[in-house]
Amino acid sequence: MANTNTDDQKKKKTGRIAYLTRIQCFSACHRLHSLDLSDEENKSIYGKCNNPNGHGHNYRAEVTVRGNINRENGMVINLTDLKQCIEEAIMVPLDHKNLDKDVPYFANVVSTTENLAIYIWENLAKILPVGELYEVKIYETDKNIVVYRGEEQ
3 MANTNTDDQK
13 KKKTGRIAYL
23 TRIQCFSACH
33 RLHSLDLSDE
43 ENKSIYGKCN
53 NPNGHGHNYR
63 AEVTVRGNIN
73 RENGMVINLT
83 DLKQCIEEAI
93 MVPLDHKNLD
103 KDVPYFANVV
113 STTENLAIYI
123 WENLAKILPV
133 GELYEVKIYE
143 TDKNIVVYRG
153 EEQ
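Set out below in structure tokens:
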């Protein structure tokens, strides 16, 4: 016998795929410093970003989900639900925090924007419906942007 729940879900999908992006800004500070490198190597690689007192950014995160448009409600995901996921995965752990000292993930991981994008991806992937998270884009500055889509080699 067919799973009617799955059949009902299929009936609700239009077969049309849409991408939905929500933007969230947050502020945080960090110091680029690898425990695997000497102080001299860190200074050479990270320059002024290795300042012992750290430095801050007003980050801009763009979270994109991908999915079928639901026939009944016309949405890929309810924006209220996406907003709550972003609050839980980004704002609560990161906003107005020292990434290196306040976020356990970065205790042994260099707090580069690349690693920040991975951290956010992993947090969102735990709470969004499976397969809906498409892309995390982080603007560290207007000129420095990282895009992560969960890819590994």
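Each residue of the sequence shown is one higher than the one before, counting from 3 in our numbering.
Built from N, CA and C at the ideal position, the CB exists for glycine as well.
In this text the structure is predicted, and so the values were computed from the model without any measurement.
Determine the direct distance from the alpha carbon of residue j to that of residue i, and round the result to whole angstroms.
{"i": "E142", "j": "M93", "result": "15 Å"}
{"i": "C51", "j": "E116", "result": "15 Å"}
{"i": "R151", "j": "E42", "result": "33 Å"}
{"i": "E74", "j": "D38", "result": "53 Å"}
{"i": "T82", "j": "L126", "result": "15 Å"}
{"i": "G49", "j": "V149", "result": "23 Å"}
{"i": "K145", "j": "R62", "result": "12 Å"}
{"i": "T6", "j": "V105", "result": "A caution first: T6 carries a pLDDT of 42, below 50, which makes its placement in the model too unreliable to give a value."}
{"i": "D102", "j": "V78", "result": "35 Å"}
{"i": "A20", "j": "R33", "result": "38 Å"}
{"i": "V111", "j": "N80", "result": "33 Å"}
{"i": "E64", "j": "I47", "result": "28 Å"}
{"i": "K85", "j": "K14", "result": "23 Å"}
{"i": "N100", "j": "T16", "result": "44 Å"}
{"i": "E76", "j": "Q155", "result": "Correcting the residue type first, residue 76 is Gly in the shown sequence and not Glu. The straight-line gap from Cα to Cα measures roughly 36 Å."}
{"i": "K128", "j": "C87", "result": "10 Å"}
The alpha helix (DSSP H) with residue i in it runs from where to where?
{"i": "E43", "result": "41 to 48"}
{"i": "T82", "result": "81 to 88"}
{"i": "L101", "result": "101 to 104"}
Which whole-angstrom value is the C-beta distance of residue i and residue j, which I expect to be below 8 Å?
{"i": "I71", "j": "R24", "result": "Wrong, their Cβ atoms sit about 16 Å apart, outside the cutoff."}
{"i": "V67", "j": "E134", "result": "5 Å"}
{"i": "H35", "j": "N44", "result": "5 Å"}
{"i": "Y121", "j": "Y136", "result": "Their Cβ separation, rounded to whole angstroms, is 17 Å, which puts Y121 and Y136 out of contact at 8 Å."}
I'd like to confirm the pairing. Which residues does DSSP put opposite residue i in its beta bridges?
{"i": "R18", "result": "Looking at the DSSP assignment, R18 forms no beta bridge with any residue, so it has no partner."}
{"i": "F28", "result": "Y61"}
Looking at the unbroken beta strand (DSSP E) that takes in residue i, where does it start and where does it end?
{"i": "I147", "result": "147 to 150"}
{"i": "L126", "result": "No beta strand (DSSP E) contains L126, which is instead part of the alpha helix (DSSP H) from 115 to 129."}
{"i": "G58", "result": "57 to 72"}
{"i": "I140", "result": "135 to 141"}
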